[in-house]
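Residue numbers for the sequence shown follow the numbering used here, so the first one is 488 and each next one is one higher.
Written out below as structure tokens is the structure these notes cover.
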Amino acid sequence: MAIKDTLWITSCAILNTTQISNYANMNKGQLILFVGPTCVGKTTLIAALQKRLPDTGVIISTTTRPIRPTETDGVDYEFTTDEDFVRRREAGEFYEAVKRPTGYYGSSRINVHELLEKHQVVFGALDIEGCRIVKKLEPDTLVIFLYPGNMADLKKRLHERGTGDAEITARLTIAEEEMLSRDEFEESLENIDGKFEETVEKALALFRARDIA
Numbered sequence: 488m489a490i491k492d493t494l495w496i497t498s499c500a501i502l503n504t505t506q507i508s509n510y511a512n513m514n515k516g517q518l519i520l521f522v523g524p525t526c527v528g529k530t531t532l533i534a535a536l537q538k539r540l541p542d543t544g545v546i547i548s549t550t551t552r553p554i555r556p557t558e559t560d561g562v563d564y565e566f567t568t569d570e571d572f573v574r575r576r577e578a579g580e581f582y583e584a585v586k587r588p589t590g591y592y593g594s595s596r597i598n599v600h601e602l603l604e605k606h607q608v609v610f611g612a613l614d615i616e617g618c619r620i621v622k623k624l625e626p627d628t629l630v631i632f633l634y635p636g637n638m639a640d641l642k643k644r645l646h647e648r649g650t651g652d653a654e655i656t657a658r659l660t661i662a663e664e665e666m667l668s669r670d671e672f673e674e675s676l677e678n679i680d681g682k683f684e685e686t687v688e689k690a691l692a693l694f695r696a697r698d699i700a
């Protein structure tokens, strides 16, 4: 069964503009967002690129869902309460805020600017709508669409995760819709099963061509 999310888009006028301006003036880093279908390998690619680049940070999403035994607060997610999340959402802190059955999820604009002040490159993996919002608010952001060799690769990865058949069908339907946005962003990379190192090298070559790293 498909899961419906509720999305709130940040109103920049609400956020403390002086605070954001101060962060922006200090920024030295490049924000790079990976976007693409479910299970295409966005977070895996970011982890691999972090091992190859000397000075990187990663956007940590904020959520109100319960922390899992294998997770660490501030590493996997920033875990908080519903009350705190709603307060910060209403203050305009988040680029986007989504309510899912498991809880609220969002990306903090303040957190991103703090990371950009500290690191040469800051990575993030957002959904398409999230990337659109960030790109509008942060025009210098580089958005890279990561896509699979074929849709069968995604189906295989979902099966390997133990995802149920009904959810796989729903996610692949969404993935096919997301693939229509491939040409919307500046760059795209193909991530073929069994050729992950080639994907890493292509990403690094792309960064070098743009004088990013």
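Don't be surprised by glycine CBs; every beta carbon is placed ideally from N, CA and C.
Keep in mind the model is a prediction, meaning the values are calculated, not measured.
Excluding sequence positions up to five away, which residues of its chain have a Cβ less than 7 Å from the Cβ of Glu673?
Numbered from 1 along the sequence shown, position 186 holds the residue referred to as residue 673. Cβ within range, chain order: Leu629 and Val630.
Go through the stretch 639 to 698 residue by residue and report every complete run of the beta strand (DSSP E) that reaches 3 residues or more, in order.
674 to 678
I'd like to know if the stretch 666 to 685 and the stretch 560 to 574 are in contact, where contact means that at least 3 CB-CB pairs between them fall below 8 Å.
no
Reference Gly516, options Ala653, Leu603, Gly561 and Leu667, closest by Cα
Taking the first residue of the sequence shown as 1, we reach residue 516 at position 29. Of the listed residues, the one whose Cα sits closest to Gly516 is Leu603.
The alpha helix (DSSP H) enclosing Arg587, as first and last residue numbers
For the purposes of this step, residue 587 is identified with residue 100 of the sequence shown, where counting begins at 1. No alpha helix (DSSP H) contains Arg587, which is instead part of the beta strand (DSSP E) from Phe581 to Arg587.
Buried or exposed by the 16-neighbour rule on C-beta atoms within 10 Å, applied to Arg576:
In the sequence shown, counting from the first residue as 1, residue 576 sits at position 89. Result: buried.
Boundaries of the beta strand (DSSP E) in which Thr543 is found, first to last residue
The residue given as residue 543 occupies position 56 in the sequence shown. Taken as a continuous stretch (DSSP letters only), the beta strand (DSSP E) holding Thr543 covers Thr543 to Val545.
Quick one: is Pro556 buried, meaning 16 or more other Cβ sit within 10 Å of its Cβ, or exposed?
Position 69 of the sequence shown holds residue 556. By the 10 Å Cβ count, Pro556 comes out exposed.
May I have the straight-line CA-CA distance separating Thr656 from Glu601, to the nearest angstrom?
For this step, residue 656 is matched to residue 169 along the sequence shown. For this step, residue 601 is matched to residue 114 along the sequence shown. C-alpha separation (whole angstroms): 39 Å.
Based on DSSP bridge pairs, tell me the residues matched to Ile519.
Walking along the sequence shown from the start, residue 519 turns up at place 32. Looking at the DSSP assignment, Ile519 forms a beta bridge with Phe610 and Leu629.
Quick check: what's the CA-CA separation for Leu536 versus Asp652?
Counted from its first residue, the sequence shown places residue 536 at position 49. Counted from its first residue, the sequence shown places residue 652 at position 165. One C-alpha to the other measures close to 32 Å.
For Gly528, the first and last residue of its enclosing alpha helix (DSSP H)
The residue given as residue 528 occupies position 41 in the sequence shown. Careful: Gly528 lies outside any alpha helix (DSSP H) and carries neither H nor E.
What's the call for His606, buried or exposed, on a 16-neighbour Cβ count within 10 Å?
By one-based count along the sequence shown, residue 606 stands at place 119. Classification of His606: buried, given that the 10 Å Cβ count is 16 or more.
Residues near Lys622 in its chain [Cβ-Cβ closer than 7 Å; skip 5 each side]:
As a first step, residue 622 must be located in the sequence shown, where it is residue number 135. Same-chain partners within the cutoff: Thr628 and Val630.
Out of Leu518, Leu520, Thr525 and Phe521, which one is the CA nearest neighbour of Glu664?
Locating residue 664 in the sequence shown gives position 177, counting from the first residue. Between Glu664 and the set Leu518, Leu520, Thr525 and Phe521, the nearest pair of CA atoms involves Thr525.
Nearest to Asp569 by alpha carbon, out of Thr559, Glu684, Ala584 and Phe694?
Along the sequence shown, read from residue 1 onward, the residue named residue 569 stands at position 82. Looking at the Cα atoms, Ala584 is the closest of the given residues.
In three-state terms, what does DSSP make of Glu565?
For the purposes of this step, residue 565 is taken as the residue at position 78 of the sequence shown. DSSP places Glu565 in strand when its eight states are reduced to three.
C-alpha distance - Phe521 paired with His646, whole-angstrom precision:
Numbered from 1 along the sequence shown, position 34 holds the residue referred to as residue 521. Numbered from 1 along the sequence shown, position 159 holds the residue referred to as residue 646. Phe521 and His646: Cα-Cα distance of roughly 23 Å.
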